[in-house]
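Residue numbers (our numbering), protein chains in the order written: chain D, 3 to 556; chain S, 61 to 376.
Okay, structure first, notes after.
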């Protein structure tokens, strides 16, 4: 987009950003959060701003809202919202515009709602803040909004507290809140990232639907090109605070010009629908056989009769062969993580058998299982929380094997070799976790697991916290390791696209049960169960746009 | 909710049992005992002592004394003072008002002032006010209550002559105003350390809430800073403070006992010291049980209050 088309833009653009530079406080890794960015959000359109973490996309949104923290300052440029200049406007003016001219919805709808206030109060206070309506009219407007965003029982919903609602319902409440005063611009900051894939599809549809009906302009921030393909009219691609490419969605997705955009699009995990080519070097023997595994959670007190019983894992059976990867996919609450914890015996099962290399480990006590523990290792989701910040990488890697009887000098040798094997230099040995990026830490986590020379790896959402480009690298690394060591893997994920990249077989879980089990080609191209079909259909950006009916309840 | 209450009540009873056993045993381990004071009296013969022992039931084994005492306690008979034979409950009752008055007023001061300093410190973080609040809290925490009391008496009573140096009221003047005049200095002295604790906790609780997403949501809705603070921040920040108030109760109680001694305040603190001096075991045990019940009750009320205020607990 040419920057020299200046004055006339104000009319057909609901939001216009020109030459915006926002400074970061001194001592940060770069001087500017965003640097000389210009773009327009045309009336009645959806503009997606896409970038990885640290690209400056959220700072841009907060600048437009006038919600930047005090230490971050705008140093130059202009922002016009509905023709009104934002930069340099008084705090009073900005406050008046927030909620009325521009609204915002956030990533995590649970923390974005006040836990102590009812849904209704939180909606009506937006009207009260701008002196709109009477108490009664505000109330009926709130109920109207709750109906509009497809929430069941709006009259009842009005008096609900946020903790009672599901993630999708909370995000609908957030949307209702943002729509209260019919703003001309809606800023959505990763509004579906924290949601399950089927819920995400419904919320995207809702935003699209409302935007069309009201002729609203939406600035949609995301890191997911699948979401872009789903809803964007035009796209802005950001990298390290700069706009590297912008244009219509069609143009950017089909024929990206900038190398970064190309890389980003290439890194997006695609549904291959093809099966992995099995390794013929490895024996086909079964390493893990699970039969009728069950785990039920009980909360509350049985004594006083207020007990809640949740069957987290219910009659789960599967086989896993040497050197193969089984994907366990499902939405939150499906029991996939509980299954992972049962398999590595972080938790005891209530029933069923886990035959690991022929022995039932389900019934072993902690001390009986201990000698086997090195053989089954886990890779965790959060590469920040799963490494002890006070230990060096060397300590993290060697402490386990040494505890299991390896000599320290040997452990050190192997740790150094493994670090270079997972793509880190040997100097990492003496350094601390905070000196590494998320992707590097996940490599360390993988090296830690491999120190024990395990025969089974359980990876629980191992790439979910990573940017797509890093995600692709880690998946590649896991694939390489499997081909070299012949380790078997259980890969737990909520992301079907990721599962399709790395798994030989996929088990789809719902409410604690495996509802479908088969090779990727079956799961993605010819799903047998209704739930699998629903899951596959909800994957963003995999088919041409369709108009899905909006579900009344999420 | 009913299950929760039953659960907490049964826990409280077990706690009271443990407190009473430990208290009873430790008290009787103290050398001397209630009759030691008569040992110096030449007119008391060994027969007299034995008869007294027999009368007071002190010749029985300890466990029997305990069971007898506990059984009467359960029935509402807290025993009689060794000193003047008055029922223990009456003795405590004569002193309870003064102590509760002192604790209550100083708690109100501590919560009001501490909350204000904490919130202002958080919203004006790293300002001069915040800095002074931090330093002030450190000073108040590191200096003992009795020292503040003595300095207070020296400055405000002896030098300036504004406030009375002790007692709860002027004899012959029972007006509320007179009570309040006497109350000012001791309740402020007792409040100081709790203002410090309260303001520190309130400051960090407020900072926690301020950085929450829903505060940003409130800003995005165009709410005024004042409304955001009052409606969204303070309510959420006060929630953990209620539990803190319950936990702080024992320290207010012990602080009150010290303050009472400094200001010759006719409360339970003075009674406790006097009774210990006379080895008046029934009164000491009574006071011990009474404070234990007070503390347990305070914590129970705090827990219930949190459960009532927080919909996440109330409705699940």
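Glycine included, C-beta positions come from ideal geometry on N, C-alpha and C.
Assuming residue 322 of chain D and residue 289 of chain D form a contact by the criterion Cβ under 8 Å, report the distance between their Cβ atoms to the nearest whole angstrom.
As a working mapping, residue 322 of chain D is identified with position 320 in the first chain. As a working mapping, residue 289 of chain D is identified with position 287 in the first chain. About 6 Å; that satisfies the 8 Å criterion.
For residue 213 of chain D, does the count of other Cβ atoms within 10 angstroms reach 16, so buried, or fall short, so exposed?
Taking the first chain and counting its residues from 1, one reaches residue 213 of chain D at position 211. Buried, since its Cβ has 16 or more Cβ neighbours within 10 Å.
Return the chain-ordered ranges of every alpha helix (DSSP H) run that is complete within the segment 152-215 of chain D and spans a minimum of 4 residues.
Listed in chain order, the alpha helix (DSSP H) elements of length 4 or more contained wholly in the segment 152-215 of chain D are 156-159, 169-181.
Report back the beta-carbon spacing between residue 169 of chain D and residue 195 of chain D to the nearest angstrom; my notes put them in contact at under 8 Å.
As a first step, residue 169 of chain D must be located in the first chain, where it is residue number 167. As a first step, residue 195 of chain D must be located in the first chain, where it is residue number 193. 11 Å between Cβ atoms; not a contact.
With DSSP as the reference, please indicate the residues paired to residue 353 of chain D in a beta bridge.
In the first chain, counting from the first residue as 1, residue 353 of chain D sits at position 351. Per the DSSP secondary-structure output, residue 353 of chain D pairs in a beta bridge with D:296.
For the alpha helix (DSSP H) that residue 64 of chain D lies in, which residues bound it at each end?
Position 62 of the first chain, counted from the start, is the residue given in the question as residue 64 of chain D. For residue 64 of chain D, the enclosing alpha helix (DSSP H) starts and ends at 59-67.
For residue 183 of chain S, decide whether its Cβ has a neighbour in chain D, counting only Cβ atoms nearer than 8 Å.
Sequence index remark: in the second chain, residue 183 of chain S carries index 123 (1-based). In terms of beta-carbon proximity, residue 183 of chain S stays away from the interface with chain D, with every pair separated by 8 Å or more.
How about residue 503 of chain D: is its Cβ closer than 7 Å to a heavy atom in the ligand FAD?
The model depicted lacks the ligand FAD and carries no ligand whatsoever.
Would you mind working out which of D:357, D:413, D:457, D:315 sits nearest residue 379 of chain D, comparing C-alpha positions?
Working through the first chain from its first residue, we reach residue 379 of chain D at position 377. For the residues D:357, D:413, D:457, D:315, the minimum Cα distance to residue 379 of chain D belongs to D:457.
Can you list the residues of chain S that residue 114 of chain D reaches, using a CB-CB cut of under 7 Å?
Residue mapping note: residue 114 of chain D aligns to position 112 of the first chain, counting from 1. What residue 114 of chain D touches in chain S: 273, 274, 277.
Where DSSP assigns a beta bridge to residue 507 of chain D, which residues make up the other side?
Sequence index remark: in the first chain, residue 507 of chain D carries index 505 (1-based). Answer by DSSP bridge pairing, in chain order: D:328.
Beta bridge counterpart(s) of residue 361 of chain D as assigned by DSSP:
As a first step, residue 361 of chain D must be located in the first chain, where it is residue number 359. D:358, per the DSSP bridge assignment.
Closer than 9 Å between beta carbons: that is the criterion. Which residues of the segment 354-373 of chain S meet it against chain D?
Here the close residues are 369, 370, 371, 372.
Can you tell me where the alpha helix (DSSP H) holding residue 165 of chain S begins and where it ends?
Within the second chain, residue 165 of chain S is the residue found at index 105, counting from 1. Residue 165 of chain S: member of the alpha helix (DSSP H) spanning 148-183, first to last residue.
Taking C-alpha atoms, which residue in D:232, D:249, D:231, D:233 lies nearest to residue 239 of chain D?
To locate residue 239 of chain D, count along the first chain from 1; it is residue 237. Among D:232, D:249, D:231, D:233, the Cα nearest to that of residue 239 of chain D belongs to D:249.
Spatial distance of residue 332 of chain D from residue 496 of chain D (CA atoms)
Taking the first chain and counting its residues from 1, the one referred to as residue 332 of chain D is at position 330. Taking the first chain and counting its residues from 1, the one referred to as residue 496 of chain D is at position 494. Approximately 5 Å between the Cα atoms of the pair.
Leaving out five residues on either side along the sequence, give the residues of the same chain with a beta carbon under 8 Å from the beta carbon of residue 536 of chain D.
Here residue 536 of chain D corresponds to residue number 534 of the first chain, with the count starting at 1. Residues of the same chain with a CB within less than 8 Å of the CB of residue 536 of chain D, apart from the 5 flanking positions on each side, are 200 in chain order.
Identify the residues that DSSP records as bridge partners of residue 240 of chain D: which are they?
Locating residue 240 of chain D in the first chain gives position 238, where the first residue counts as 1. In the DSSP assignment, residue 240 of chain D forms a beta bridge with D:245.
CA-to-CA distance, residue 209 of chain D to residue 186 of chain S, given in whole angstroms
Your numbering for residue 186 of chain S matches position 126 in the second chain. Your numbering for residue 209 of chain D matches position 207 in the first chain. If I take the Cα positions, the gap works out to 41 Å.
Comparing alpha-carbon positions, which option in D:470, D:272, D:419 lies nearest residue 450 of chain D?
For the purposes of this step, residue 450 of chain D is taken as the residue at position 448 of the first chain. Of the residues D:470, D:272, D:419, the one whose Cα lies closest to the Cα of residue 450 of chain D is D:419.
For residue 86 of chain D: DSSP bridge partner residues
Reading the first chain from its first residue, position 84 is the one you call residue 86 of chain D. Residue pairing from DSSP places residue 86 of chain D in a beta bridge opposite D:83.
Minimum Cβ-Cβ distance from residue 5 of chain S to chain D less than 8 Å
For residue 5 of chain S there is no data in the structure shown, the boundaries of chain S being 61 and 376.
Under 7 Å between beta-carbons, which chain D residues line up against residue 180 of chain S? List them in chain order, please.
Indexing the second chain from 1 puts residue 180 of chain S at position 120. What residue 180 of chain S touches in chain D, judged by beta-carbon distance under 7 Å, is nothing: the nearest beta carbon there is about 17 Å away.
Any contact of the segment 314-329 of chain D with the segment 508-523 of chain D, i.e. 3+ C-beta pairs under 8 Å?
By the Cβ criterion, the segment 314-329 of chain D is in contact with the segment 508-523 of chain D, since at least three pairs of Cβ atoms, one from each stretch, lie closer than 8 Å.
Whole angstroms is fine: what's the gap from residue 469 of chain D's alpha carbon to residue 476 of chain D's?
Within the first chain, residue 469 of chain D is the residue found at index 467, counting from 1. Within the first chain, residue 476 of chain D is the residue found at index 474, counting from 1. Inter-residue distance for residue 469 of chain D and residue 476 of chain D is about 10 Å (C-alpha atoms, whole angstroms).
Pair within 8 Å by beta-carbon distance, residue 452 of chain D and residue 483 of chain D
Position 450 of the first chain, counting from 1, holds the residue named residue 452 of chain D. Position 481 of the first chain, counting from 1, holds the residue named residue 483 of chain D. Note that the C-beta distance between residue 452 of chain D and residue 483 of chain D is below 8 Å.
Determine the contact status of residue 167 of chain D and residue 370 of chain S, defining contact as a CB-CB distance below 8 Å.
What you label residue 167 of chain D is simply residue 165 of the first chain in a count that begins at 1. What you label residue 370 of chain S is simply residue 310 of the second chain in a count that begins at 1. No.
Are the CB atoms of residue 143 of chain D and residue 159 of chain D within a distance shorter than 8 Å?
Your numbering for residue 159 of chain D matches position 157 in the first chain. Your numbering for residue 143 of chain D matches position 141 in the first chain. No. Outside cutoff.
At least 3 beta-carbon pairs within less than 8 Å: the segment 240-257 of chain S vs the segment 162-171 of chain S:
The segment 240-257 of chain S and the segment 162-171 of chain S touch, with no fewer than 3 CB-CB distances between them shorter than 8 Å.
Residue 93 of chain D: buried (16+ other C-beta within 10 angstroms of its C-beta) or exposed?
Here residue 93 of chain D refers to the residue found at position 91 of the first chain. Classification of residue 93 of chain D: exposed, given that the 10 Å Cβ count is below 16.
Whose Cβ in chain S lies nearer than 9 Å to the Cβ of residue 155 of chain D?
For the purposes of this step, residue 155 of chain D is identified with residue 153 of the first chain, where counting begins at 1. What residue 155 of chain D touches in chain S: nothing, since even the nearest Cβ is about 16 Å away.
Do the segment 147-160 of chain S and the segment 296-308 of chain S meet, that is, are 3 or more Cβ pairs less than 8 Å apart?
Touching, no, given that fewer than three Cβ pairs across the two stretches are closer than 8 Å.
With DSSP collapsed to three states, give me the class of residue 493 of chain D.
Numbered from 1 along the first chain, position 491 holds the residue referred to as residue 493 of chain D. DSSP places residue 493 of chain D within a strand segment (E or B) once states are collapsed to three.
Would you call residue 9 of chain D buried or exposed, if buried means 16 or more other Cβ atoms sit within 10 Å of its Cβ?
One-based indexing of the first chain puts residue 9 of chain D at position 7. Note that residue 9 of chain D has pLDDT 44, beneath the 50 cutoff, so the model's placement of it is unreliable and no number is given.
Count Cβ pairs between the segment 413-431 of chain D and the segment 363-382 of chain D that sit closer than 8 Å; are there 3 or more?
Contact annotation: the segment 413-431 of chain D does not touch the segment 363-382 of chain D, with fewer than three C-beta pairs closer than 8 Å.
Would you check if the distance between the CB atom of residue 162 of chain S and the CB atom of residue 356 of chain S is smaller than 8 Å?
To locate residue 162 of chain S, count along the second chain from 1; it is residue 102. To locate residue 356 of chain S, count along the second chain from 1; it is residue 296. Against a cut-off of 8 Å, the Cβ pair of residue 356 of chain S and residue 162 of chain S comes out as no contact.
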